[in-house]
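**Q** Numbering (the numbering used here), first residue to last: 4 to 143.
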């Protein structure tokens, strides 16, 4: 039980930290992105270009995959990953389909919400796949 709870909590933290770490990395490579990112953080105004917004969507998916992977590795249970996917799905739906719907373009809101649950589940599949590969290679 503790592994499950720990897996979900660490997965949530890794999701947030993962996105921000990736966004900081992208900002280092793309100075214009950094300008718009700072404007979002300081003023809450979404001024990203469509290309920058698509970059954000990719970062969210990568962070969700990472969160699912971490949760699967810690908990070693599908149920914990399902809880994480559900929590993120409900949270992102509430934020992007209700609270922030008018603040972002419609396609961005959907682009954040729709891939969230599948991306977390993909992370778990990747985590389990890498474990299965190690077991197979150790028996060869």
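Glycine residues also receive a C-beta, built at the ideal position from the N, C-alpha and C atoms.
1. Can you check which of these residues, 59, 68 and 21, is closest to residue 110 by C-alpha distance?
2. Verify whether the separation of the beta carbon atoms of residue 84 and residue 17 is less than 8 Å.
3. What's the gap between the Cα of residue 103 and the Cα of residue 55?
4. Leaving aside the five residues before and after residue 21 along the sequence, list all residues of the same chain whose C-beta is less than 6 Å from its C-beta, in chain order.
5. Around the C-beta of residue 32, are 16 or more other C-beta atoms found within 10 angstroms, so that it is buried, or is it exposed?
6. Helix or strand or just coil, what does DSSP make of residue 52?
7. In angstroms, rounded to a whole number, what distance separates the CA positions of residue 63 and residue 29?
8. Are the beta-carbon atoms belonging to residue 2 and residue 128 less than 8 Å from one another?
9. To the nearest angstrom, how far is it from the Cα of residue 36 to the Cα of residue 90?
10. Taking DSSP as the reference, what is the three-state secondary structure of residue 22?
11. Tell me the DSSP secondary structure of residue 6 in three-state form.
12. My output table needs one value for residue 108: the three-state DSSP class, helix, strand or coil.
**A** Result, derived from the coordinates:
1. 59
2. no
3. 18 Å
4. 66 and 69
5. exposed
6. Coil, per DSSP.
7. 13 Å
8. The structure shown does not extend to residue 2, since the chain is modelled only from 4 to 143, so the question has no answer here.
9. 29 Å
10. helix
11. helix
12. coil
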